[in-house]
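Structure, as structure tokens:
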Amino acid sequence: MDGPPFAVTYLRSIIYFPSRMMKAKVSITIDGDLAKEIDEYLRKQVVEAAKSGKPIPKQSNVYEELVRRGWEAMKKDRQSRR
Numbered sequence: 141m142d143g144p145p146f147a148v149t150y151l152r153s154i155i156y157f158p159s160r161m162m163k164a165k166v167s168i169t170i171d172g173d174l175a176k177e178i179d180e181y182l183r184k185q186v187v188e189a190a191k192s193g194k195p196i197p198k199q200s201n202v203y204e205e206l207v208r209r210g211w212e213a214m215k216k217d218r219q220s221r222r
């Protein structure tokens with residue numbers, strides 16, 4: 141089969157899963173205030189996408205983006221403390 145590793149053929153379509161894109165499910169608990177802020181952020185993203193004609197983001201993708209940004213900020217902070 142041609143293509144990168146972790147390729148899956150499904151109904152004549154090839155879906156690639158590069159090793160750096162593997163995902164894991166996690167569960168977190170957040171307080172009500174933070175949940176409201178994230179919900180408002182998601183609503184703004186949906187409104188902007190609807191106005192511009194872009195695809196509407198999934199809630200899980202928004203949470204993934206927030207976790208990624210938070211983790212990157214934390215890594216930078218830890219590196220600056222060394």
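FYI, in my numbering the residues of the sequence shown are 141 to 222.
Each residue gets a CB set at the ideal place from its N, CA and C atoms; glycine is no exception.
Being a predicted model, the structure only gives us computed values, none of them experimental.
- Listed in chain order, the non-local C-beta contacts of P195 below 8 angstroms within the same chain comprise A189, local neighbours out to five positions each way being set aside.
- Under the three-pair Cβ rule at 8 angstroms, the region 177-185 counts as touching the region 195-208.
- For R209, the enclosing alpha helix (DSSP H) has its first and last residue at 199-221.
- When DSSP states are grouped into helix, strand and coil, S167 belongs to the coil group.
- Counting along the chain, the unbroken alpha helix (DSSP H) around G172 starts and ends at 172-192.
- Linking V186 to S192 through their CA atoms gives a straight-line distance of about 10 angstroms.
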